[in-house]
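Numbering (our numbering), first residue to last: 4 to 117.
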């Protein structure tokens with residue numbers, strides 16, 4: 004049982020899979036920053052690209068993209084006052100006024116640590 008867990012972890016941390024994980028994180032930050040685009044729509048957009056891939060790198064790509072979309076919707080909320088998803092609506096109340104005062108980094112720090 005423990006051997007299977009370590010084998011799975013080694014598969015994820017090999018070069019092609021970790022590269023696709025970082026690519027998924029980059030795509031997820033980009034998709035999450037656009038208001039209205041979220042994790043589910045990102046999965047729908049990336050799914051056709053994974054059909055010809057090996058299973059582990061494909062899963063790493065989708066996992067990396069989906070993991071950061073819930074955090075990156077804060078970018079649109081703080082900078083433009085438009086909530087990306089329902090979860091980022093409360094961020095507008097404090098984050099957008101802070102960004103207008105020139106303290107956007109402080110708003111991002113508070114939003115990313117909570």
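No residue lacks a Cβ here, since even glycine has one placed at the ideal position from N, Cα and C.
Same chain, Cβ closer than 6 Å to residue i, five either side skipped, listed in chain order
i          : result
residue 42 : 69, 72
residue 54 : none
residue 91 : 76, 77, 80
First through last residue of the alpha helix (DSSP H) which encompasses residue i
i          : result
residue 92 : 92-103
residue 19 : 18-36
residue 40 : Unbroken run through residue 40: none, as it is neither H nor E.
Other residues of its chain near residue i: CB distance less than 7 Å, five sequence neighbours each side excluded
i          : result
residue 84 : 95, 99
Distance CB(residue i)-CB(residue j) smaller than 8 Å
i          : j           : result
residue 59 : residue 12  : no
residue 38 : residue 105 : no
Selection from the options that minimises the alpha carbon distance to residue i
i          : options        : result
residue 93 : 110, 56, 32    : 110
residue 32 : 20, 64, 89, 97 : 64
Other residues of its chain near residue i: CB distance less than 8 Å, five sequence neighbours each side excluded
i          : result
residue 49 : 27, 30, 64, 65, 68
Residue ranges of each beta strand (DSSP E) run of no fewer than 3 residues wholly in the region 54-82, ordered along the chain? none
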